[in-house]
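> Line order of the protein sequences matches chains A and B. Taking our numbering, I'd label the letters of the first sequence as residues 426 to 748. Taking our numbering, I'd label the letters of the second sequence as residues 7 to 135.
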Amino acid sequence: MHDEFNPATEASEAEDESSGLTRRGALTCMVWAGTGLLWTLSGGVPKSLGLLGDALAAVPTGFTFLQISDSHIGFNKPANPDALGTLREAIGKVKAVKSRPAFMIHTGDITHLSKPDEFDNADQLISEAKLDVHYVPGEHDFIDEGLGKAYLARYGNGTKGQGWYSFDDHGVHFIGLVNVVDLKAGGLGRLGPDQLAWLADDLKDKSDSTPIVVFAHIPLWTVYADWGWGTDDGLQALTLLKRFGSVTVLNGHIHQIVQKVEGNMTFHTARSTCFPQPAPGTAPSPGPMTVPAEQLRSMLGIASVEVRTGDKPLAITDTPLAG
Amino acid sequence: MTRSRSDFLAVRSIRAGGVRALLLTFVGLAAILGLSLVASGHQALADDPTIKIANFTFDPPTLTVKAGTTVTWVNADDIPHVVSEKDGKFRSSALDTDDKFSQTFSTAGTVEYFCAIHPHMTGKIVVTP
Ligand SMILES: [Cu+2]
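#1: At 9 Å on the CB atoms, spell out the chain B contacts of Lys609(A), in chain order.
#2: Closest by CA to Lys106(B), which one among Thr70(B), Pro67(B), Thr76(B) and Val71(B)?
#3: Should Leu595(A) be labelled buried (16 or more other beta-carbon atoms within 10 Å of its own) or exposed?
#4: Verify whether the separation of the beta carbon atoms of His678(A) and Gly563(A) is less than 8 Å.
#5: Whole angstroms are fine: how far does the CA of Leu602(A) sit from the CA of Leu452(A)?
#6: Between which two residues does the beta strand (DSSP E) carrying Phe544(A) extend?
#7: Helix or strand or just coil, what does DSSP make of Ile493(A)?
#8: Residues of chain B with a CB under 7 Å from the CB of Pro618(A): which are they?
#9: Where does Ser552(A) land, buried or exposed, given buried means 16+ other C-beta within 10 angstroms?
#10: Residues of chain C with CB closer than 7 Å to the CB of Ser98(B), please, in chain order.
#11: I'd like the list of long-range same chain contacts for Gln702(A), defined as Cβ closer than 8 Å, with 5 residues on each side in sequence excluded.
#12: Tell me the DSSP secondary structure of Gln587(A) in three-state form.
#13: For the alpha helix (DSSP H) that contains Leu577(A), what are its first and last residues?
#14: Within 10 Å of its beta-carbon, does Lys685(A) have 16 or more other beta-carbons around it, so buried, or fewer, so exposed?
#15: Return the residue from the list Thr673(A), Phe592(A), Gly655(A) and Thr744(A) that minimises the CA-CA distance to Ser729(A).
#16: Just to check, is the beta-carbon of His87(B) closer than 7 Å to a non-hydrogen atom of ligand 1?
#17: If we define contact as Cβ-Cβ less than 8 Å, is Lys502(A) a contact residue for chain B?
#18: Rounded C-beta distance between Asn676(A) and Pro709(A)? I'm assuming under 8 Å.
#19: Can you name the residues of chain B whose CB is closer than 7 Å to the CB of Ser710(A)?
#20: How many angstroms separate the CA atom of Ala504(A) from the CA atom of Gly612(A)?
#21: Does DSSP put Val648(A) in a helix, a strand or coil?
#22: Between which residues of its own chain and Ser112(B) is the CB-CB distance below 7 Å, once the five residues before and five after are set aside?
#23: Which value, in whole angstroms, describes the spacing of the CA atoms of Pro738(A) and Val732(A)?
#24: I'd like to confirm something about Phe62(B): is its beta-carbon nearer than 7 Å to some heavy atom of ligand 1, or not?
#25: Are the C-beta of Leu512(A) and some C-beta of chain B separated by less than 8 Å?
#26: Is His124(B) a contact residue of ligand 2, with contact defined as CB to any heavy atom under 7 Å?
#27: Under a three-way DSSP split, which group does Gly115(B) fall into?
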């Protein structure tokens, strides 16, 4: 599935990159694990717990939370004519997790077209998991006539600006960022100066040993600029986070798993619950990838994150909807 | 050739492939445009340029038109796009598959635009006097 993946090479490249945050080219060491197989990276970096059966069997010892992403409710094209159906299956997986997660995050593109009934349908299904859900918007959630009014009316309560916020749980500081608003021609995702100033302020009283989890829709690092898979001022946010001993960056948007480790930072993107997208540069565009029906569910899924104590990275387990 | 923007607002919902029907339907419009246009659908297309949005690109990426021309974008992707002038001077609503957006360019100059939700997608309209 990921034939090119060479654990030894990736681990050594990851080490080489530990001081290379400022280099845009740093991202060449990404690990592709896009088709549903899970893997372990040697050298103390995040370890996947295995395929679905193993993952569910391995009862996490610590505090865990879940990530779902890119449910695109309202999408009905050939890549997945039943977006609600696959979200329902994802929520089924959430309910089946043996050790109860503390909460769930949704990293955006809840809806496809920001329509009220799309938000309603998503809400109704996701609430069946009976977990608190912390959302950040994707660009598809901000294309109503009010440019985000519909999203903010539902999820903006208690947030700043266009919906960013932070909270603490079990000693971990969680930060939800918004990088899909007021984008600039020729650019990528964007946080903007107001949000960066807020972030600096939000972090200033936190000790270096506080584990940090940052989540946003578009990857905060450049996965593939040609397809817009990155955030123009993401590096400024990462620079503010550099002093912390454990930083986990969780994103969506690209509908496939990509992991990268740089120093104390672990980057991870989640699968969609709706449709897969191609690996960078492997298709004419990043648009939805239509795969044979029997393959679709191996390319959709949810992620579970187990928080460990000390400086250890968080353990991230990706679970496909079907093997 | 001058055509008010409202004419296009009225026909915006007509899907691709309906150009001939569109011409027949809008007899009043055809009368304004002149007999030669009625006789030749191809010429009508040349005068009313369309920019196709496909594979997350604007095709053609640069389009040169005479002042007064109405340009129509049509989304051929199965992901929505939003056509926006660089500084937001005009902006379409979210264009789902096959949706169209039209804009009339009345003054000469270069107009840069992009997709407001996929900002790496950029294009240009060069408007000549
Ligand atoms: Cu677009």
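Ideal placement from N, C-alpha and C gives every residue a C-beta, glycine not left out.
So, from the data block:
#1: Lys92, Phe120 and Pro125
#2: Thr76(B)
#3: The sequence as given places His at residue 595(A); Leu does not occur at that position. His595(A) is exposed by the Cβ-count criterion.
#4: yes
#5: Residue confidence is low: Leu452(A) scores 28 on pLDDT, short of 50, so the model does not pin down where it sits. No coordinate-derived value is stated.
#6: That residue, Phe544(A), is in no beta strand (DSSP E); its alpha helix (DSSP H) goes Pro541 to Ile551.
#7: strand
#8: The premise fails here: Pro618(A) is roughly 17 Å from chain B at the closest Cβ pair, so nothing lies under 7 Å.
#9: Exposed: under 16 other Cβ atoms inside 10 Å.
#10: Structure shown: chain C not included; protein chains present are A and B.
#11: Ile679, His680, Gln681, Pro711, Gly712, Pro713 and Met714
#12: coil
#13: Lys574 to Tyr580
#14: buried
#15: Thr744(A)
#16: yes
#17: yes
#18: The pair is not a contact, with the Cβ atoms about 23 Å apart (cut-off 8 Å).
#19: Asn61 and Phe62
#20: 27 Å
#21: coil
#22: Ala73 and Gly74
#23: Using only the alpha carbons, I get a separation of about 8 Å.
#24: yes
#25: Residue contact with chain B for Leu512(A): absent (no Cβ-Cβ distance below 8 Å to any residue of chain B).
#26: For ligand 2, the structure offers nothing, since it holds only ligand 1.
#27: Looking at Gly115(B) - three-state DSSP - the assignment turns out to be strand.
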